[in-house]
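In the UniProt record's numbering, the protein residues as written are 1 to 135.
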Amino acid sequence: MTRRLGYLLKHAQQRMAELTEAALGPLGLTGRELGVLNVLVGREPGSQQQAAQRLGIDRTTMVALLDTLEGKGLVARHPHAEDRRRNVVELTEVGHETVRKATAAAEAAEREFLSSLSEADGRAFRESLHTIVTG
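If you want it as structure tokens, here you go:
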């Protein structure tokens, strides 16, 4: 196996995604769907466009994700009070409960991912990645 950083990061991300998808599967969610739900948690209802910008995805992809989440009863959309061209998106009660369960499942997947490291090394790894990502 190569020690090239790009290779290692790619395969680490793939492993983390596999663990997360397996953890979220019983809840009927994907990692991407949980990302959308997390953007909506604790915020005032916002527009679809704002949520897409926060996640760095295009509007078409966001609409498809929201269609799926709405079909599962996790989010609700309605026209904006002042601008009827915009849709406001918010979590439903079921959505809030699902986020709570999914967050616990995703955190368990993270613990499994880091299980080959000591607790201190796991914290250092996470902090190092945070520093790299945030600059």
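Quick reminder that beta carbons are idealized off the backbone N, C-alpha and C, glycines included.
Reference residue i, options the options, closest by Cα
i, options, result
"Gln48", "Arg59, Ala105, Leu129 and Val41", "Arg59"
"Ala76", "Leu37, Arg100 and Gly56", "Leu37"
"Gly56", "Gly35, Thr68 and Leu69", "Gly35"
"Leu29", "Asn87, Ser115, Asp121 and Thr68", "Thr68"
"Glu107", "Gly31, Glu70, Arg43 and Leu8", "Gly31"
"Gly25", "Val41, Ala105, Tyr7 and Leu66", "Ala105"
"Leu27", "Leu40, Leu9 and Lys72", "Lys72"
"Leu74", "Ser116, Leu5 and Leu40", "Leu40"
"Thr92", "Arg43, Ala23 and Thr2", "Arg43"
Environment of residue i [buried if 16+ CB atoms lie within 10 Å]
i, result
"Val94", "exposed"
"Glu97", "exposed"
"Val89", "buried"
"Ala12", "exposed"
"Ala64", "exposed"
"Leu8", "exposed"
"Glu82", "exposed"
"Leu66", "buried"
"Leu129", "exposed"
Residue i to residue j span [Cα, whole Å]
i, j, result
"Val133", "Arg126", "11 Å"
"Arg85", "Pro79", "7 Å"
"Glu21", "Ser118", "24 Å"
"Ala51", "Arg100", "19 Å"
"Arg4", "Ser116", "20 Å"
"residue 138", "Thr131", "An answer regarding residue 138 cannot be provided, because it is not within the stretch 1 to 135 covered by the chain."
"Ala102", "Glu33", "10 Å"
"Arg111", "Lys10", "19 Å"
"Met62", "Met16", "23 Å"
"residue 136", "Leu114", "This structure cannot speak to residue 136, because the chain is shown only from 1 to 135."
"Glu70", "Ala120", "40 Å"
"Arg54", "Gly46", "11 Å"
Secondary structure, alpha helix (DSSP H): runs of 4+ residues fully inside the UniProt domain "HTH marR-type" (1-134): With a minimum length of 4 residues, the continuous alpha helix (DSSP H) runs that stay inside the UniProt domain "HTH marR-type" (1-134) are 5-24, 31-40, 48-55, 59-71, 93-113 and 119-134.
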